[in-house]
Structures are given as structure tokens and as C-alpha cells.
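Inspection log for the structure reproduced underneath, given as C-alpha cells.
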Ligand code: ADP
């Protein structure tokens with residue numbers, strides 16, 4: 552037995568490839584004939600070296616009716632572009648199937664003429680099954696939340712309407728205690744209505760038909776600010792923003808994201824100071840980093856992750872109305888678009904909410920733009936457009 556450090560590099564290389572059992576590695580000629588074998592081929596596909604070599608590579612594709620076509624287009628892609636990836640179910644010798652991730656590389660001579668293909672395949676069945684079961688249970692949960700909140704609306708509406716009727720028609724005809732109890736029922740029904748509506752909105756984020764398109768976030772932010780114009784004017788807020796990029800996203804969801812974050816910045820303001828809110832964007836490698844900064848009441852940073860869970864609130868609804876679903880919706884929107892969201896704050900010191908979105912053919916902002924909102928000074932609810 553030769554010592555391993557005395558062996559020639561070619562032998563070492565051959566042993567390395569041949570003995571590798573976790574990955575099937577093999578060569579294919581330009582007609583699709585299998586030329587070489589390693590231990591991984593037997594482990595993944597079930598063929599011995601004798602059974603494998605000389606066969607057509609289409610034997611590993613499924614369904615068999617179009618195996619040759621699939622194999623042919625894989626080779627063609629590798630011929631045209633140099634490589635081809637192939638993530639799909641594959642066929643074993645015993646006709647069972649496994650989910651594989653395959654990578655094919657074109658092999659050429661020194662003149663660039665195709666000699667054949669090198670292929671490497673890994674078994675991803677366990678990962679695929681886990682992913683499928685997670686997707687399934689997520690979909691089932693979403694469906695459940697949607698149905699539950701949707702079906703709860705009807706009896707709630709009836710309850711709300713009748714308790715209001717009772718309170719109106721019988722006010723002063725019962726005793727004080729009964730009036731007080733009735734007003735509690737009316738308030739509770741209306742709060743439950745808001746909770747159910749928000750829960751439904753939350754469940755809808757991923758079940759509603761996605762309409763991703765190239766969206767200019769400047770426009771979405773301005774739409775959101777327009778929706779908030781009453782709160783902006785009432786609070787004397789000053790909302791400014793950098794020029795925002797264009798991203799590939801669902802327009803309605805982007806408006807909702809900005810509306811929830813800017814809306815919170817206006818809501819959680821200090822009683823004695825008009826709110827100032829600034830929305831910034833900067834490119835950070837493959838993603839955009841956005842921030843929504845306010846000068847409001849802030850919160851204890853220990854709860855910075857908790858507030859993104861549904862129904863979690865740090866402030867009482869008597870002081871600050873709300874259901875605690877707004878940030879959970881923001882978090883869902885951002886994660887379904889491939890980004891992350893988090894917050895930084897200190898009590899009495901304002902808050903900054905950050906989120907990222909992947910750069911997708913977006914262009915960096917050309918220059919910083921600001922939109923100031925002196926209340927009521929312009930016919931537009933959020934002041935003159937500085938770009939005009
Ligand atoms: P809601 O505003 O309906 O309570 P959210 O999910 O939007 O629900 O927010 C969750 C909690 O996070 C709020 O109840 C509040 O305690 C805290 N919060 C959110 N935004 C801010 C902010 N800009 N400043 C201070 N606290 C905030």
C-alpha cells in the first residue's frame with residue numbers, strides 16, 4: 552500500500568473523486584453517454600460502475616416520457632453558457648425518486664471545442680421535505696387565521712350594532728349601573744372589531760395575490776403620507792425624506808409599510824413637541840437600508856424585538872389607541888419581500904425603525920430630496936414637491 556504523501560497528484564485526485572460518497576460526480580460525453588462513476592453515484596442513484604458506464608444520462612431523469620428532452624436541454628444550456636443547474640426530482644435505478652441539486656459544467660479542449668460535461672449531484676430530499684412541510688403548515692396557519700378572522704366579523708358586527716342600539720334606545724331608562732355596563736359592551740365590541748380587522752389584514756399579507764412590480768418608493772411614501780394627512784396636520788408634524796430608490800415590490804404593501812411606520816411616529820409623539828419624522832435610504836451592498844426616525848416618546852430597547860409580534864403593545868390603549876398589529880404587519884411585509892426589520896430607541900429619546908429590501912435593478916437615489924410639511928401652508932397635504 553503506497554503512502555498517501557508519496558502518491559501522484561492525479562492518483563490523489565482520482566481517489567478523492569471516486570471515493571466521495573455524499574456527492575455523485577461523473578463525466579458525460581457530448582452525446583450524453585455516461586463516461587465515469589464514483590461512490591456517490593452508487594449511493595445516490597443505486598448503479599454500480601458496470602451498470603452505469605456507457606448508459607445514456609437520461610436514465611436519471613423523471614418523468615421518463617420527457618427525460619431525454621430534459622437532459623438534452625440541460626446539456627444545451629451548459630454548451631451555450633458553460634454551466635447548467637438542475638434542481639428537481641431524479642430517478643434511482645429501483646425507480647424511487649429523490650430530490651437533487653445538480654450542477655453541470657462544460658469541459659472544452661484548448662481550442663474551446665466541447666469535449667463533454669462534468670456533473671455533480673447532491674441529495675436534498677430531507678431539506679426539500681422539511682421545507683415543504685414548513686410551507687404547508689404556514690399556509691394552513693394563514694388559512695386558519697384568515698377564516699377565523701373573516702368569519703368572526705359577521706357575529707361581531709351584529710353584536711356591535713345591537714349593543715349600540717340598546718345603549719341608544721335605553722339610555723337613562725335603566726339605572727346608572729346598566730348604562731355603564733352597556734357602554735363597556737359597546738366599547739369592547741368596537742375594540743374587538745378593530746382587532747379582528749387587523750388580524751385579517753395581517754393574515755392577508757401573504758395570502759392575497761402578490762403583484763410585484765417595479766415601484767418608486769418615493770411615490771409610495773407620498774401616498775402613505777397623504778393617507779395620514781389628517782394626523783400630520785393635527786399634530787403639526789414635519790415629515791422629511793431622502794430620495795428613495797425603485798425596488799421590485801408589491802405597491803399596496805409598500806404604502807402600508809410606510810403608513811404604519813410614519814403613522815406610529817406621529818401617534819407616539821411627545822405631548823409638548825410637534826413630531827419630526829425623517830425617512831432615509833442608503834445602499835448597503837446587495838440591499839437598501841431604510842430608516843424611519845422620530846423624536847417621539849421612545850420605548851425601552853429591551854422590548855425592541857417584542858413589538859414586532861402580533862398584539863404586543865408597550866403603551867396602554869387608553870392613552871394611545873391601537874391593536875398592536877401594525878408592526879407585525881410591517882414585519883410580514885418586509886420578510887415576504889426578502890428583507891429584515893428592527894428598531895432602536897430609548898425612553899424619551901425618539902425611535903428609529905430600520906428595514907432592508909433587496910436591491911433589484913434599483914438605481915441609487917440621485918440626490919437627497921426633502922419634503923417639509925408646514926401644516927396647512929400648501930394645497931397639497933404634504934407641502935410643495937421640491938422636485939418641481
Ligand atoms: P399599535 O400602534 O396599534 O399598538 P404596533 O404594532 O404598530 O401597534 O406597535 C406596537 C407597539 O410598539 C406600540 O403599542 C408601541 O408601544 C410601540 N411603538 C411602535 N412604534 C413606536 C414609536 N414610533 N415610538 C414609540 N413606541 C412605538
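Residue numbers (our numbering): 552 to 939.
No residue lacks a Cβ here, since even glycine has one placed at the ideal position from N, Cα and C.
Please name the residue in 767, 853, 909 and 874 whose C-alpha comes closest to that of residue 895. Translated into the one-based positions of the chain shown, residue 895 becomes position 344. Cα-wise, what sits closest to residue 895 is 853.
Once DSSP output is grouped into helix, strand and coil, what is the label at residue 579? Residue mapping note: residue 579 aligns to position 28 of the chain shown, counting from 1. Three-state result, residue 579: strand.
For residue 697 and residue 879, I'd like the C-alpha separation in whole angstroms. Position 146 of the chain shown, counted from the start, is the residue given in the question as residue 697. Position 328 of the chain shown, counted from the start, is the residue given in the question as residue 879. Looking at the two C-alpha atoms, the distance is approximately 15 Å.
Can you list the alpha helix (DSSP H) stretches of 4 or more residues lying completely in the region 733–780, in chain order? As far as the region 733–780 is concerned, its whole alpha helix (DSSP H) runs of at least 4 residues are 768–778.
Counting Cβ pairs, one atom from each stretch, are 3 or more of them under 8 Å apart for the region 567–577 and the region 672–679? Touching, per the Cβ criterion.
Do the CB positions of residue 942 and residue 888 come within less than 8 Å of each other? Past the boundaries of the shown model lies residue 942; the chain is included only from 552 to 939, so the question cannot be answered.
Taking residue 642 as the reference, give the member of 593, 705, 704 and 789 with the closest Cα. Start at 1 with the first residue of the chain shown, and residue 642 comes out as number 91. Nearest of 593, 705, 704 and 789 to residue 642, Cα basis: 593.
I'd like the span of the alpha helix (DSSP H) that includes residue 839, first residue to last. Position 288 of the chain shown, counted from the start, is the residue given in the question as residue 839. For residue 839, no alpha helix (DSSP H) run applies; the uninterrupted beta strand (DSSP E) run containing it begins and ends at 838–845, by DSSP.
How about the region 734–748 and the region 762–777: do they share at least three Cβ pairs that are nearer than 8 Å? Too few Cβ pairs lie closer than 8 Å, so no.
Report whether the distance from the Cβ of residue 787 to the nearest heavy atom of the ligand ADP is below 7 Å. Taking the first residue of the chain shown as 1, we reach residue 787 at position 236. The answer is no for residue 787.
Tell me the DSSP secondary structure of residue 616 in three-state form. As a position in the chain shown, residue 616 is number 65, starting the count at 1. Residue 616 falls in the helix class under three-state DSSP.
Alpha carbon to alpha carbon, how far is residue 749 from residue 903? Give it in angstroms, no decimals. Here residue 903 is taken as the residue at index 352 of the chain shown, counted from 1. Here residue 749 is taken as the residue at index 198 of the chain shown, counted from 1. The alpha-carbon atoms of residue 903 and residue 749 are separated by roughly 23 Å.
If contact is defined by three or more beta carbon pairs under 8 Å, each pair taking one atom from either stretch, is the region 711–719 in contact with the region 729–742? Contact between the region 729–742 and the region 711–719 is present, with at least three C-beta pairs closer than 8 Å.
Measuring CB to CB, does residue 778 end up less than 8 Å from residue 830? Along the chain shown, one-based indexing puts residue 778 at 227. Along the chain shown, one-based indexing puts residue 830 at 279. For the 8 Å CB-CB criterion, residue 778 and residue 830 do not form a contact.
Would you report the Cα separation of residue 721 and residue 763, rounded to the nearest angstrom? Residue numbering aside, residue 721 sits at position 170 when the chain shown is read from its first letter. Residue numbering aside, residue 763 sits at position 212 when the chain shown is read from its first letter. Rounded to the nearest angstrom, the two C-alpha atoms are 52 Å apart.
Leaving out five residues on either side along the sequence, give the residues of the same chain with a beta carbon under 7 Å from the beta carbon of residue 810. Here residue 810 refers to the residue found at position 259 when the chain shown is read from its first residue. Result list for residue 810: 775, 778 and 779, in chain order.
With a CB to CB cut of under 7 Å and the five nearest residues on each side skipped, what residues in its chain are close to residue 626? For the purposes of this step, residue 626 is identified with residue 75 of the chain shown, where counting begins at 1. For residue 626, same chain residues with a beta-carbon under 7 Å away, outside a window of 5 residues either side, are 583 and 668 in chain order.
Return the chain-ordered list of same chain residues with a C-beta closer than 6 Å to the C-beta of residue 568, the five sequence neighbours on each side being excluded. Along the chain shown, read from residue 1 onward, the residue named residue 568 stands at position 17. Excluding five sequence positions before and after residue 568, the CB atoms of its chain that fall closer than 6 Å to its own CB belong to 576 and 589, given in chain order.
Is the beta carbon of residue 861 closer than 8 Å to that of residue 885? Taking the first residue of the chain shown as position 1, residue 885 is located at position 334. Taking the first residue of the chain shown as position 1, residue 861 is located at position 310. No, these two residues do not count as a Cβ contact at 8 Å.
Could you tell me which of 756, 741 and 555 sits nearest to residue 808, measuring between CA atoms? Against the chain shown, residue 808 aligns to sequence position 257. Closest in C-alpha terms to residue 808, from the list 756, 741 and 555, comes 756.
Between which two residues does the beta strand (DSSP E) carrying residue 697 extend? Taking the first residue of the chain shown as 1, we reach residue 697 at position 146. No beta strand (DSSP E) contains residue 697, which is instead part of the alpha helix (DSSP H) from 676–721.
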